[in-house]
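Protein chains in written order, with this note's numbering: chain A, 167 to 415; chain B, 139 to 840.
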């Protein structure tokens with residue numbers, strides 16, 4: 167089984183999960199941020215940050231069956247979004263790539279031609295940086311979380327905006343339960359503001375929403391810092407979280 | 139949205155014609171004179187209203203008359219007296235002597251006005267007393283027709299019913315909020331658990347808004363002055379009051395007058411600021427009186443405050459907007475509104491007076507004079523009757539370091555908090571002098587806390603009642619004590635009802651109808667709230683509005699609003715609670731600046747009628763309970779309907795996606811090189827035993 171990782175060291179790497187061995191390194195001219203394997207694992211999408219004069223971009227790489235045959239060439243490079251692209255994932259049947267980031271616009275690109283097919287509407291879409299994106303198990307819809315204190319549910323094929331979940335805090339991480347119709351949002355504060363405000367000032371909770379009714383059904387308190395990543399255990403019965411905690415002495 | 143549409147049309151037209159709008163110099167476009175294409179200029183509204191003050195461009199010029207007529211040689215000497223640039227002394231061409239007057243131009247109209255006031259009446263010598271006027275005034279006076287023509291008779295147009303909001307069928311109250319650039323007035327619809335909009339406007343005010351004391355008007359403050367708004371169902375501008383750079387406003391309690399204040403930097407930086415105060419008649423907009431002077435004259439006693447003075451400078455009293463008074467050096471200046479002059483044409487002289495306070499209901503002033511000359515003359519508190527200036531009651535107080543006066547809302551009692559030095563003079567202890575105003579001879583009672591050394595953090599009388607609450611203590615969680623001036627057991631004596639120990643509270647908010655109180659912990663306590671029933675002496679609810687900065691009861695005493703203002707970066711917005719501490723709804727608004735309930739005028743019911751209603755409350759409340767039930771059932775039904783339709787929509791979507799997923803199954807399999815496993819995320823948890831050789835040791839037997 168192969169793992170792909172992206173790093174601020176301006177590379178993305180392929181690893182053998184069982185042995186932990188590094189299989190291949192893709193080199194970029196700026197930090198690599200988001201990575202995703204396509205259905206069938208023969209392709210991967212990697213996003214790179216804007217860096218100095220360089221704009222952010224979405225790179226598609228072919229993944230060879232045998233690591234020895236792996237090439238570093240990009241099959242396709244997509245450009246256009248302003249600011250960081252925080253997430254890029256594959257659409258159903260790898261026909262499309264869905265990207266979202268700092269400019270608050272969700273985009274759907276054609277993998278074949280590299281053309282921009284759809285863009286989310288400025289009026290109804292997010293108003294601030296989209297920090298996170300989670301696909302449904304069958305890829306038919308996906309959830310985006312944003313610093314504008316909301317999360318939105320979209321149709322992956324048509325980019326129709328289906329649901330909006332409103333909360334009181336900037337959202338850093340989102341996930342959907344594979345088992346029940348629940349959506350979990352985590353956040354609290356923009357990471358850059360963490361050191362400048364009293365820890366009592368930001369209440370940090372993981373909030374559960376009813377996916378269909380858009381209403382908050384519960385929260386899990388007790389986090390002492392803003393939540394930056396969430397994931398459900400595949401059996402849908404448990405979830406884990408990652409905090410970004412900065413200690414200032 | 140209108141603006142956006144127009145821009146879109148312009149863009150479309152430009153595109154069609156092949157013009158790049160960015161290259162066009164919009165400033166070079168000139169319309170034919172008189173042509174405005176029917177588009178109303180944003181400024182037109184301002185120009186229309188400024189008829190009265192025609193911008194002649196000469197507003198900063200004064201004319202100084204009664205100057206000595208001098209030959210040219212003496213010009214310099216004369217100019218030496220009037221030393222400014224922009225001086226023009228016209229000369230008689232025949233005699234080559236000055237004509238006895240000159241024109242002086244200043245940088246701003248304000249400076250010209252100031253110069254006029256300072257120099258008008260200046261005695262150069264016995265024969266020449268300067269007569270100084272504004273240049274524009276000449277024009278104005280010249281225009282006065284020689285014959286008096288009776289003013290036109292304007293037909294009577296009845297105004298709107300400004301009190302219409304009080305007749306709301308659902309008996310709701312309104313409040314105004316300011317967030318970002320918007321100002322909004324809303325109904326508090328507690329039954330529906332949400333506010334209902336009344337009127338909203340961006341840039342309605344340039345700084346803050348304020349209700350008039352009886353709720354009739356909403357005042358806004360702008361660079362050129364203040365304005366009041368009101369109406370039957372919406373807010374129209376009713377009147378404007380010109381006062382450039384106004385900073386603070388205050389209404390008289392009966393809403394008859396509006397006092398406006400501004401403070402200006404002096405031309406000489408070593409002087410104090412110059413203060414201008416205008417008193418307008420609210421309905422006509424006429425200036426009844428103005429006060430101009432140095433900030434020193436207006437900042438006696440009290441702390442400097444935001445604008446350099448303790449506002450309001452003029453305090454109203456005597457009922458029906460009869461009197462207003464100002465604290466001065468060694469005097470209290472009391473004016474009456476019949477003529478807007480000092481009563482008896484002179485101020486009330488009180489040597490060393492530090493503070494004064496009107497009774498809320500009667501024409502009585504309480505004043506405080508601190509200790510003099512190291513204990514030779516003791517401090518004293520006096521009650522003075524207006525307009526007679528007769529002293530009704532007086533008490534000398536010894537070893538006083540500070541004093542604060544609190545009147546009860548019906549004028550029945552006055553509590554004077556007195557800080558006294560201990561014998562060693564190293565610390566102070568606090569006590570209260572309680573005056574029973576309505577009783578014969580105004581008896582005074584002294585009250586000391588159980589622990590004399592406790593610091594007093596807050597004090598508040600029960601509105602319309604006989605009780606008061608005190609927050610006292612030095613520990614991080616102070617105590618709260620309740621006292622009554624009149625109980626069944628002690629009719630003429632103050633008695634303690636209870637002391638609540640160790641509370642997270644630093645502010646007291648009584649309900650305007652008494653009986654209930656919110657004990658709030660603001661600032662350091664981060665928004666702790668305790669809803670307390672003082673009749674039963676028991677807590678009704680404890681709650682929290684994290685980081686709350688303001689607490690305000692609605693005028694009826696049914697609801698409490700708590701708010702977090704933009705002092706804090708996050709969590710801005712307000713909460714509405716029932717009187718007994720149940721959170722009804724909450725609204726978040728970034729950059730939240732103000733929340734103000736709309737005040738109500740006093741009820742028209744007699745005290746007897748009010749008592750009758752309170753006694754028969756069950757009968758009256760039946761009707762409203764039934765209405766509440768209906769609304770609540772309606773809400774549940776609506777909720778259910780909404781949920782049903784949302785679920786149905788979702789089901790449709792899910793089945794659509796399922797269908798597509800099925801259709802694409804074959805293709806997916808191909809992408810996976812024929813692997814049938816569809817659910818990538820499906821995994822099997824297998825327990826695998828792995829044996830690992832950790833170490834190998836050989837033991838050889840010798």
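A virtual CB, placed ideally from N, CA and C, is assigned to each residue, including glycine. All values derive from a computational prediction rather than experimental measurement.
Closest by C-alpha distance to residue i, when choosing among the options
i	options	result
residue 590 (chain B)	B:550, B:567 and B:576	B:567
residue 300 (chain A)	A:206, A:216 and A:343	A:343
residue 371 (chain B)	B:202, B:337 and B:741	B:337
residue 740 (chain B)	B:648, B:301, B:532 and B:279	B:301
residue 210 (chain A)	A:320, A:318, A:248 and A:257	A:257
residue 606 (chain B)	B:392, B:508, B:648 and B:333	B:648
residue 389 (chain B)	B:565, B:383, B:415 and B:375	B:415
residue 433 (chain B)	B:400, B:524 and B:463	B:400
residue 210 (chain B)	B:234, B:539, B:528 and B:705	B:234
residue 587 (chain B)	B:604, B:601, B:611 and B:577	B:611
residue 328 (chain B)	B:692, B:426, B:749 and B:454	B:692
residue 261 (chain B)	B:205, B:690, B:459 and B:282	B:205
residue 694 (chain B)	B:546, B:304 and B:238	B:304
residue 672 (chain B)	B:657, B:250, B:782 and B:780	B:657
residue 463 (chain B)	B:423, B:504 and B:666	B:504
Opening and closing residue of the alpha helix (DSSP H) in which residue i lies
i	result
residue 771 (chain B)	755-801
residue 335 (chain B)	From DSSP, residue 335 (chain B) is part of no alpha helix (DSSP H) but of the beta strand (DSSP E) over 332-340.
residue 239 (chain A)	It is not in any alpha helix (DSSP H) - residue 239 (chain A) carries neither H nor E in the DSSP assignment.
residue 256 (chain B)	247-257
residue 190 (chain A)	Counting along the chain, residue 190 (chain A) falls outside any alpha helix (DSSP H), though it belongs to the beta strand (DSSP E) covering 188-193.
residue 273 (chain B)	273-280
residue 263 (chain B)	Counting along the chain, residue 263 (chain B) falls outside any alpha helix (DSSP H), though it belongs to the beta strand (DSSP E) covering 261-263.
residue 433 (chain B)	433-436
Coarse secondary structure for residue i, derived from DSSP in three states
i	result
residue 375 (chain A)	strand
residue 394 (chain B)	coil
residue 751 (chain B)	helix
residue 807 (chain B)	helix
residue 476 (chain B)	coil
residue 738 (chain B)	coil
residue 836 (chain B)	coil
residue 536 (chain B)	coil
residue 317 (chain A)	strand
residue 303 (chain B)	helix
residue 481 (chain B)	helix
residue 371 (chain B)	coil
residue 693 (chain B)	coil
residue 279 (chain A)	coil
residue 305 (chain A)	coil
Residue i to residue j span [Cα, whole Å]
i	j	result
residue 182 (chain A)	residue 171 (chain A)	11 Å
residue 613 (chain B)	residue 641 (chain B)	10 Å
residue 522 (chain B)	residue 729 (chain B)	46 Å
residue 688 (chain B)	residue 617 (chain B)	21 Å
residue 329 (chain A)	residue 189 (chain A)	41 Å
residue 323 (chain B)	residue 242 (chain A)	55 Å
residue 244 (chain B)	residue 271 (chain B)	13 Å
residue 297 (chain A)	residue 304 (chain A)	22 Å
residue 493 (chain B)	residue 342 (chain B)	36 Å
residue 722 (chain B)	residue 697 (chain B)	9 Å
Terminal residues of the beta strand (DSSP E) in which residue i lies
i	result
residue 464 (chain B)	461-466
residue 556 (chain B)	551-559
residue 338 (chain A)	337-342
residue 724 (chain B)	721-726
residue 227 (chain A)	223-228
residue 567 (chain B)	566-574
Within chain C, the residues that residue i reaches when beta carbons sit closer than 8 Å
i	result
residue 805 (chain B)	In the displayed structure, chain C is absent; the protein chains listed are A and B.
(message) Against chain A, which members of the segment 680-707 of chain B pass a CB distance test of less than 8 Å?
(response) Residues of the segment 680-707 of chain B with a C-beta atom less than 8 Å from some C-beta of chain A are 684, 685, 706 and 707, listed in chain order.
(message) By the 9 Å beta-carbon criterion, what residues does the segment 271-299 of chain B contribute toward chain A?
(response) Those would be none; no residue qualifies.
(request) Can you give me, in chain order, the residues of the segment 287-306 of chain A that have a beta carbon less than 7 Å from any beta carbon in chain B? (result) Within the segment 287-306 of chain A, the qualifying residues are 303, 304 and 306.
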